[in-house]
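**Student:** The structure is given below, and queries will be raised subsequently.
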Amino acid sequence: MIRQINNLLTGIGLACELEANSEMNRAFLKVQVINKQKFLTKIELNSTRFYLRKYEVPSEYLDNDWDVTDDELFDSVHEVNIIGIKNLEIQLSKYLDDFRRLVSEWRYDNPF
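Following the numbering used here, the numbering of the sequence shown begins with 1 at its first residue and continues without gaps.
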């Protein structure tokens, strides 16, 4: 988890694909720091603010490279101002049992 924390704190968004509630959809989880810092030594883990977004999108939108808006999302959760890394871990544990699944968001078809 240290690698993920360092990536988050320097502004790199992390994401993973989750199991969708429908075979017609794909589900994603994204997390990112709100105010990134240039240097890790200046970051306070207990006061850093994060946001988390979990949602499902119809597979056809991704398969056809169509634009996705909030109107096309299912089961969307958007939590802003999660304060501190411990609170972020609590929120993430609702959706993930292994935080190592979180990787740089560009590795997924994550439309947001």
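Glycine residues also receive a C-beta, built at the ideal position from the N, C-alpha and C atoms.
In this text, all values refer to a predicted model and were calculated from it rather than measured experimentally.
Is the region 60 to 67 touching the region 79 to 95, taking contact as three or more C-beta pairs under 8 Å?
**Tutor:** With a cut-off of 8 Å, the region 79 to 95 and the region 60 to 67 do not count as touching, because too few Cβ pairs lie within range.
**Student:** Kindly indicate which three-state DSSP category Asn25 falls into: helix, strand or coil?
**Tutor:** Position 25 of the sequence shown, counted from the start, is the residue given in the question as residue 25. Looking at Asn25 - three-state DSSP - the assignment turns out to be strand.
**Student:** Taking only the alpha-carbon atoms, compute the straight-line gap between Leu96 and Asp71 and give it to the nearest angstrom.
**Tutor:** Here the question's residue 96 lines up with position 96 in the sequence shown. Here the question's residue 71 lines up with position 71 in the sequence shown. Taking the straight line from one Cα to the other gives about 25 Å.
**Student:** For Glu56, which residues does DSSP report across the bridge?
**Tutor:** Within the sequence shown, numbered from 1, the residue matching residue 56 stands at position 56. According to DSSP, Glu56 bridges with Ala27 and Phe74.
**Student:** Tell me whether Arg26 is buried or exposed, calling it buried when 16 or more other Cβ atoms sit within 10 Å of its Cβ.
**Tutor:** Within the sequence shown, numbered from 1, the residue matching residue 26 stands at position 26. Classification for Arg26: buried.
**Student:** On the premise that Ala20 lies in contact with Glu44, defined as a C-beta separation below 8 Å, what is that separation, rounded to the nearest angstrom?
**Tutor:** Working through the sequence shown from its first residue, we reach residue 44 at position 44. Working through the sequence shown from its first residue, we reach residue 20 at position 20. That belief does not hold up - the Cβ atoms of Glu44 and Ala20 are roughly 36 Å apart, past 8 Å.
**Student:** Compute the Euclidean distance between the alpha carbons of Asn199 and Gln32, then round it to the nearest angstrom.
**Tutor:** Given a span of 1 to 112 for the chain in the structure shown, any question on residue 199 remains unanswerable.
**Student:** Output needed for Arg100: all residues of its chain with C-beta closer than 8 Å, excluding positions within five of it in sequence on either side, in chain order.
**Tutor:** The count along the sequence shown starts at 1 and reaches residue 100 at position 100. Answer for Arg100: Met1 and Gln4, listed in chain order.
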